[in-house]
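This report concerns only the one structure given below.
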């Protein structure tokens, strides 16, 4: 799947934002999951979910459908 420069730039900015805010998402994960063992996993899941949601929303706003490689 080839991404336009605009979408690639947007995704890069999302990744940078969530990377910079990872500590805040760890704190959020602690509130939802007091088990200290899986706080990092929970925070990672929240961040990946947010980035994925932004990616899909960007395509939806452009009336496009992302095509998976090999499909």
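Residue numbers (the numbering used here): 58 to 128.
Where is the CB? At the ideal position from N, CA and C, for every residue including glycine.
**Asked** For residue 104 versus residue 89, is the C-beta distance shorter than 8 Å?
**Response** no
**Asked** DSSP three-state call for residue 120: helix, strand or coil?
**Response** DSSP places residue 120 outside both helix and strand once states are collapsed to three, so it counts as coil.
**Request:** Below 8 Å on the Cβ atoms is my guess for residue 64 versus residue 108; work out the distance and round it to an integer in Å.
**Result:** Between residue 108 and residue 64 the Cβ distance is about 12 Å, and since that is not below 8 Å, they are no contact.
**Request:** Taking residue 64 as part of the alpha helix (DSSP H), name the residues at either end of that continuous run.
**Result:** Bounds of the alpha helix (DSSP H) holding residue 64 are 62 to 77.
**Prompt:** Is residue 67 near the ligand MG, going by C-beta to nearest heavy atom under 7 Å?
**Reply:** Among the components modelled here there is no ligand, and therefore nothing to report on the ligand MG.
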